[in-house]
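K.L.:
The structure's right below; bear with me while I get my questions together.
Next up, the structure:
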């Protein structure tokens, strides 16, 4: 990611030079008509010391910003509420699948082996989550535009930067919140048999599959990434195509004469002021999926590459056949997208380190192999993985079940302890610290935290070294800029020299004429 961003900066510098936007200043950009129409207050410009009209006072601006910030937080809380709704769905449906799924597929052993209650719950919840995400995207697009219009930015660049920040914030929470929940919260606060944790005092907290939450996170990412790519491509192809077909059929019904090509192009779909904005947003969201959770879904970069190869051709077809020709506008860089990409790059280091440490079983396995398989904690003479599964299972006395969570008697028969379905690192019943976390648990937690800290520092160090070594502007572009400045100074100097020589020539002519008249003999 760092290499990508650094080389993009170099490419951006080349484009700035080629399109002559190196010294593009904000003062050159025109004021938005919507802003200028609302200018009713008079203030003194600090730079020009002249009076100018603005749409709001300092107090009015603070009120607008407070209202917009509150609205943003409200809609983000609504996204979180939808995620909680999906969690409640998981909790309630898992009980139903556990009771009825085995009865419906009892005859098919192959399906029963893979279609477990956990898998069925995970897949259906991921599909529902994807549908909710797509619906909320349509809603939050309208909300972000309304909030930005209420802010009333001065220039089009300010408008796009403000809208970019809001839209990405909404999309970030909307797309990634369920993935963050599965990766870092699901199965972490479940208690233990006899003392489970309940949601809303009714639903028992979700637990991960016996193999961990990594597979469920991969399923969630595959459905969202794949579904989003398919949905966006279908929408980009079908929507403008259908609109143009309807427009052409209605235009042909009204007119029987042959119209010129430029008039036919006029009836195509307008690209709009935010045409490229949605393309940038789509790529940045995909960039986040590829980088933030790549440790759990290594196939994501390949899927993104295949999608982007198809996306390039679809966009080319769409822009050249289904939309009117775009009106070019000058821009110095990609605006607010650059810091957003840099923020994702930094966050990706943290999320992947925590996925490896807290979501996968890599650290517990390493701790067991190097510390708990040999004395003083283990009984093996050499480092081995034998007995690892057994070490992750804890013993629980069935008599310690509370009445609210106690199973029916036929469920456990004559058994007095529960072990094979109780995966945790706790002391057994009868121990001085029974059902408390054992020494193996604290070793694993310490190793996980140490891994996250070391990995983050090493990768950040390498990242900043790469950023320092690779200059933002290539030497070739620097030479071109210096050459252009040199030629400009040379022309200015030659022009000043010509003006000076011309002035000196005029002065010399005047002096010569004056001396001639002084020494000429007077006429008699």
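Residue numbers (UniProt numbering): 1 to 524.
For every residue, glycine included, the Cβ atom is placed at its ideal position computed from N, Cα and C.
(1) By DSSP's criteria, residue 52 is part of a beta bridge. Which residues make up the other side?
(2) By the DSSP assignment, the alpha helix (DSSP H) with residue 288 in it spans what residues?
(3) Do you know how far the Cα of residue 85 is from the Cα of residue 40?
(4) Should residue 284 be labelled buried (16 or more other beta-carbon atoms within 10 Å of its own) or exposed?
(5) Who are the Cβ neighbours of residue 335 in its own chain at under 7 Å, not counting the five residues just before and after it?
(6) Go ahead and pull the three-state DSSP assignment for residue 437.
(7) Around the C-beta of residue 524, are 16 or more other C-beta atoms found within 10 angstroms, so that it is buried, or is it exposed?
(8) Helix, strand or coil for residue 524 per DSSP?
(9) Taking 7 Å as the threshold (C-beta atoms), are residue 218 and residue 297 in contact?
(10) Rounded to a whole number of angstroms, what is the C-alpha to C-alpha distance between residue 289 and residue 360?
(11) In chain order, what are the residue ranges of uninterrupted beta strand (DSSP E) at least 3 long that sit wholly in the segment 210 to 267?
(12) Going by DSSP in three states, residue 64 sits in which element: helix, strand or coil?
(13) Quick check on residue 393: does DSSP put it in helix, strand or coil?
(14) Report the three-state DSSP secondary structure of residue 301 (helix, strand or coil).
(15) Look up residue 506 in the DSSP assignment and say whether it is helix, strand or coil.
(16) Tell me which residue opens and which closes the alpha helix (DSSP H) that residue 326 is part of.
(17) Using DSSP with H/G/I as helix, E/B as strand and the rest coil, what is residue 208?
(18) Enumerate in chain order the residues of its own chain whose CB-to-CB distance from residue 179 is below 7 Å, with the five nearest sequence positions on each side excluded.
(19) Could you pull the DSSP bridge partners for residue 199 from this structure?
(20) Please check the pair residue 428 and residue 395, which I expect to be a contact at CB under 8 Å, by giving their CB distance rounded to whole angstroms.
(21) Which class does residue 156 belong to by DSSP, given the choice of helix, strand or coil?
(22) Are residue 244 and residue 338 closer than 7 Å when you measure CB to CB?
(23) Ignore the nearest five residues each way along the sequence and tell me which others in residue 314's own chain have a CB closer than 7 Å to its CB.
P.N.:
Let me lay it out:
(1) Stepping through the chain shown from its first residue, residue 52 is reached at position 52. Note: residue 52 sits in a beta bridge opposite 43.
(2) For the purposes of this step, residue 288 is taken as residue 288 along the chain shown, with counting starting at 1. Per DSSP, residue 288 belongs to the alpha helix (DSSP H) from 275 to 292.
(3) Here residue 40 refers to the residue found at position 40 of the chain shown. Here residue 85 refers to the residue found at position 85 of the chain shown. The alpha-carbon atoms of residue 40 and residue 85 are separated by roughly 46 Å.
(4) Mapped onto the chain shown, residue 284 falls at position 284. Buried, because 16 or more other Cβ atoms sit within 10 Å of the Cβ of residue 284.
(5) The count along the chain shown starts at 1 and reaches residue 335 at position 335. For residue 335, where only same-chain residues beyond five positions count, the Cβ hits under 7 Å are 157, 160, 161, 164.
(6) Working through the chain shown from its first residue, we reach residue 437 at position 437. Strand, per DSSP.
(7) For the purposes of this step, residue 524 is identified with residue 524 of the chain shown, where counting begins at 1. For residue 524, the predicted structure reports a pLDDT of 43, less than 50, and the residue's modelled location is therefore unreliable. A value from the coordinates is still provided. Per the 10 Å Cβ criterion, exposed.
(8) Taking the first residue of the chain shown as 1, we reach residue 524 at position 524. Because the pLDDT of residue 524 is 43, which lies under 50, any placement of that residue in the model is unreliable, and the number read from its coordinates should be weighed accordingly. Coil at residue 524, not helix or strand.
(9) If you number the chain shown from 1, residue 297 lands on position 297. If you number the chain shown from 1, residue 218 lands on position 218. With contacts defined as CB atoms closer than 7 Å, residue 297 and residue 218 qualify as a contacting pair.
(10) By 1-based counting over the chain shown, the position of residue 289 is 289. By 1-based counting over the chain shown, the position of residue 360 is 360. Rounded to the nearest whole angstrom, the C-alpha separation of residue 289 and residue 360 is 18 Å.
(11) Within the segment 210 to 267, no complete beta strand (DSSP E) run reaches 3 residues.
(12) Walking along the chain shown from the start, residue 64 turns up at place 64. Helix, per DSSP.
(13) Along the chain shown, one-based indexing puts residue 393 at 393. Residue 393 falls in the strand class under three-state DSSP.
(14) Along the chain shown, one-based indexing puts residue 301 at 301. Collapsing the DSSP output to three states places residue 301 in a helix.
(15) Taking the first residue of the chain shown as 1, we reach residue 506 at position 506. Three-state result, residue 506: helix.
(16) One-based indexing of the chain shown puts residue 326 at position 326. Going by DSSP, residue 326 is part of no alpha helix (DSSP H) at all; its letter is neither H nor E.
(17) Mapped onto the chain shown, residue 208 falls at position 208. Coil.
(18) Position 179 of the chain shown, counted from the first residue, corresponds to residue 179. The residues are 217, 220, 221, 293.
(19) What you label residue 199 is simply residue 199 of the chain shown in a count that begins at 1. The beta-bridge partner set that DSSP reports for residue 199 consists of 203.
(20) Stepping through the chain shown from its first residue, residue 428 is reached at position 428. Stepping through the chain shown from its first residue, residue 395 is reached at position 395. Yes, residue 428 and residue 395 are in contact; Cβ-Cβ is about 4 Å, under 8 Å.
(21) For the purposes of this step, residue 156 is taken as the residue at position 156 of the chain shown. Here residue 156 sits in helix by DSSP.
(22) Position 244 of the chain shown holds residue 244. Position 338 of the chain shown holds residue 338. Contact flag unset, no.
(23) Along the chain shown, read from residue 1 onward, the residue named residue 314 stands at position 314. The beta carbon of residue 314 lies closer than 7 Å to those of 233, 236, 237 in the same chain, with the five residues before and after it left out.
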